[in-house]
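Residue numbers (this note's numbering): 5 to 172.
Report on the following structure.
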């Protein structure tokens with residue numbers, strides 16, 4: 005009988021304590037397989053936002069003003085300033101850059117970190133235009149993207165240093 009009373013008392017205290025503990029995650033909804041921890045969403049790699057609702061690549065989408073210095077294989081330097089458009093892909097890990105280096109094709113970029121991306125190695129059309137690679141970084145304080153990439157056009161190699169500034 006004493007064992008029963010001790011056991012019953014233990015269960016009563018346990019349920020009393022459990023009913024007093026506040027569930028901070030009860031009203032928190034986390035998307036994209038995010039996990040609620042003490043009322044806040046912890047997001048998987050590739051997602052961010054209060055509810056893990058945003059893809060990392062979304063911060064790059066939009067219209068940018070690109071200031072670019074391009075050096076060719078003969079070390080001639082060309083300065084170009086022009087507008088580019090970054091559009092997202094359904095995949096959380098990639099996006100396209102339209103009009104980069106004046107080309108009408110969308111250049112494929114892959115997210116490599118929360119604020120970083122790489123230019124994917126790729127060739128276009130009759131293989132006269134070939135992206136060799138590159139990388140860039142978003143500075144969240146200045147809202148600029150800086151980086152570089154290399155490409156070949158008609159067997160001539162070019163290296164680019166770029167700086168993107170978001171356009172309104």
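Each residue gets a CB set at the ideal place from its N, CA and C atoms; glycine is no exception.
Fair warning: this is a prediction, and the values are worked out from it, not measured in the lab.
Endpoints, the beta strand (DSSP E) within which residue i is located
i: residue 93; result: Element bounds for residue 93: n/a, residue is neither H nor E.
i: residue 62; result: Unbroken run through residue 62: none, as it is neither H nor E.
i: residue 80; result: No beta strand (DSSP E) holds residue 80; DSSP gives it neither H nor E.
i: residue 169; result: 160 to 170
i: residue 124; result: Careful: residue 124 lies outside any beta strand (DSSP E) and carries neither H nor E.
i: residue 119; result: Neither: residue 119 is in no beta strand (DSSP E) and is coded neither H nor E.
i: residue 134; result: 133 to 143
i: residue 40; result: 39 to 41
i: residue 102; result: 98 to 102
i: residue 54; result: Residue 54 -> no beta strand (DSSP E), and no H or E assigned at all.
i: residue 156; result: 148 to 157
i: residue 45; result: 44 to 46
Whole-angstrom C-beta distance between residue j and residue i, which should lie under 8 Å
i: residue 97; j: residue 122; result: Actually they are not in contact, since the Cβ atoms of residue 97 and residue 122 sit about 10 Å apart, beyond 8 Å.
i: residue 154; j: residue 162; result: 7 Å
i: residue 104; j: residue 81; result: At roughly 18 Å, the Cβ-Cβ gap does not stay under 8 Å, so residue 104 and residue 81 are not in contact.
i: residue 125; j: residue 135; result: 6 Å
i: residue 177; j: residue 65; result: Here the chain has residues from 5 to 172 only, and residue 177 is not among them.
Separation of residue j from residue i, as counted between CA atoms
i: residue 51; j: residue 38; result: 8 Å
i: residue 109; j: residue 128; result: 8 Å
i: residue 144; j: residue 67; result: 16 Å
i: residue 15; j: residue 32; result: Because the pLDDT at residue 15 is just 47, under 50, the model does not fix this residue reliably, and the point stays unresolved.
i: residue 61; j: residue 99; result: 7 Å
i: residue 53; j: residue 63; result: 11 Å
i: residue 140; j: residue 116; result: 10 Å
i: residue 165; j: residue 152; result: 4 Å
i: residue 43; j: residue 35; result: 14 Å
i: residue 9; j: residue 27; result: Note that residue 9 scores 44 on pLDDT, short of 50, meaning its location in the model is unreliable and no value can be drawn from it.
i: residue 70; j: residue 168; result: 4 Å
i: residue 47; j: residue 92; result: 20 Å
i: residue 156; j: residue 107; result: 12 Å
i: residue 147; j: residue 133; result: 30 Å
i: residue 86; j: residue 101; result: 13 Å
i: residue 119; j: residue 113; result: 13 Å
i: residue 30; j: residue 95; result: 30 Å
i: residue 22; j: residue 45; result: Only weak support is given to the placement of residue 22: the predicted model assigns it a pLDDT of 49, under 50, and the value that follows is read from those uncertain coordinates. The straight-line gap from Cα to Cα measures roughly 23 Å.
i: residue 83; j: residue 49; result: 36 Å
Interface flag, residue i vs chain D, CB-CB below 9 Å
i: residue 154; result: Here there is only one protein chain, and chain D is not present.
The region 71 to 84 touching the region 43 to 57, judged by at least three CB pairs closer than 8 Å:
Under the three-pair Cβ rule at 8 Å, the region 71 to 84 does not count as touching the region 43 to 57.
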